[in-house]
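What follows is a single structure, written as structure tokens, with notes after it.
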Amino acid sequence: MSQMDDDENMSKPFRPLLRAGTRYSRDAADRPILMFEDVYKSYRPGVPVLRGTNLIIERGEFVFITGPSGSGKSTLLRLLYRADMVDQGRILFLGRDIARLRDDSVPFLRRNIGVVFQDFKLVTSWSVFENVAITLEVLGLPSRLIRSRVGEALERVGLTGRGGDPAGVLSGGEQQRVAVARAIVGEPALVLADEPTGNLDPQLALDILGLFEEINDAGTTVLFATHDRSLLDIRARRLIVLDEGKAMDVPTGIALHDDDEDDDDELPSGLPL
Ligand code: ADP
Ligand code: MG
């Protein structure tokens, strides 16, 4: 894209995507949903977390982001929803440079990106319904529409009938389902999950992973950051490893555990897992 095109785009408000994969602007249709171009980020001088990260994520992908604690998984996700800004390089969301969005376009970015955290981040004194509805209330949607959309979202996460319960009385697995409903109720194009299974036991972790798979099957792009190896090898899928500040694609279909006789498909040695 030329500088002129870029400036012209930036002078227009960012257009919201109302439904994943459908009503997006025409010029965004043939662009990757996300591109990292030589992204640098550090919190302390001389200690870069991301150093020249390049990455392309296509619309509709399900991508695991992995790497050991401190490798920059949360940083990478925070840059996407503009909780942090890059030091150098660019992150393009549907062709738009996230750092250059005007202030009045940021709500549209946030609307198009749903985020799920390890610690759920629910207001435990609010009802399940209120925790999910807040996403739409800040957008000023009419209450009838909010009620029906929240009902749909709760159904998608298997919590039909629980809307009136205080969030704090739900189990951990149920609370994470509420957080997933909150992330998807606005029908974002992209869902980010930062260690969403980190506080859950293994069976619940699998259930939550399954939920994200269903969300992805319905057309939403999912970036799932985890260092839980047991989730990574359930099936072949795209796996990006953060290693020394760079994002490295690891071929799919690879066995992460050395539990078969055939050693051909081991991870390359030196991977920081
Ligand atoms: P991960 O999610 O893979 O565990 P993070 O992105 O949280 O990694 O952190 C990457 C590095 O950046 C770590 O060394 C961490 O201490 C540092 N870091 C993250 N956030 C901040 C911050 N707000 N201020 C200072 N250092 C930070
Ligand atoms: Mg993290």
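Okay, so the sequence shown: first residue is 31 according to our numbering, each after it adds one. Built from N, CA and C at the ideal position, the CB exists for glycine as well.
For residue 205 against residue 197, the beta-carbon gap comes to about 6 Å, under 8 Å, which counts as contact. Note that the C-beta distance between residue 251 and residue 95 is not below 7 Å. Look at which beta carbons fall closer than 6 Å to any heavy atom of the ligand ADP; those residues are 73, 79, 97, 99, 100, 101, 102, 103, 104, 105. When the alpha-carbon of residue 275 is set against those of 241, 257, 79, the nearest one is in 79. Rounded to the nearest angstrom, the gap between the Cα atoms of residue 201 and residue 77 is 39 Å.
Rounded to whole angstroms, the gap between the alpha carbons of residue 194 and residue 160 is 9 Å. In this structure, the straight-line span from the alpha carbon of residue 249 to that of residue 264 is close to 21 Å. Considering only 75, 92, 60, the residue with the shortest C-alpha distance to residue 267 is 92.
Close CB contacts of residue 269 within its chain, under the 7 Å cut and outside five residues either way in sequence, are with 94, 96, 262, 280, 282 (chain order).
Counting other Cβ atoms within 10 Å of its Cβ, residue 105 reaches 16 or more and is therefore classed as buried. Between residue 241 and residue 227 the beta-carbon gap is near 10 Å, outside 8 Å, which marks them as no contact. Residue nearest to residue 90 within the set 158, 188, 132, 253 is 253 (criterion: CA-CA distance). In the DSSP assignment, residue 84 falls within the unbroken beta strand (DSSP E) covering 77–87.
Taking a 10 Å sphere around the C-beta of residue 155, we find fewer than 16 other C-beta atoms and assign the residue as exposed. Taking every protein chain shown into account, the CB of residue 113 has fewer than 16 other CB atoms within 10 angstroms, so this residue is exposed. Between residue 111 and residue 246, the alpha-carbon positions lie close to 19 Å from each other. Cα atoms of residue 122 and residue 192: separation of roughly 38 Å, rounded to the nearest angstrom. In the displayed model, residue 113 falls within coil according to three-state DSSP, outside both helix and strand. Residue environment for residue 225: buried (at least 16 other C-beta atoms within 10 angstroms of its C-beta). When the five nearest sequence neighbours on each side are left out, the beta carbons in the same chain lying within less than 7 Å of the beta carbon of residue 116 are those of 69, 70, 71, 109, 129, in order along the chain.
Assignment of residue 61 by DSSP, reduced to helix, strand and coil, places it in the coil class. With respect to the C-alpha of residue 85, the residue from 107, 212, 100 having the closest C-alpha is 107. Sorting 158, 153, 157, 180 by C-alpha distance to the C-alpha of residue 166 places 180 at the top.
The distance from the Cβ of residue 223 to that of residue 150 is about 12 Å, inconsistent with a contact at the 8 Å cut-off. Contact between residue 184 and residue 158 holds: their C-beta atoms lie close to 7 Å from each other, under 8 Å.
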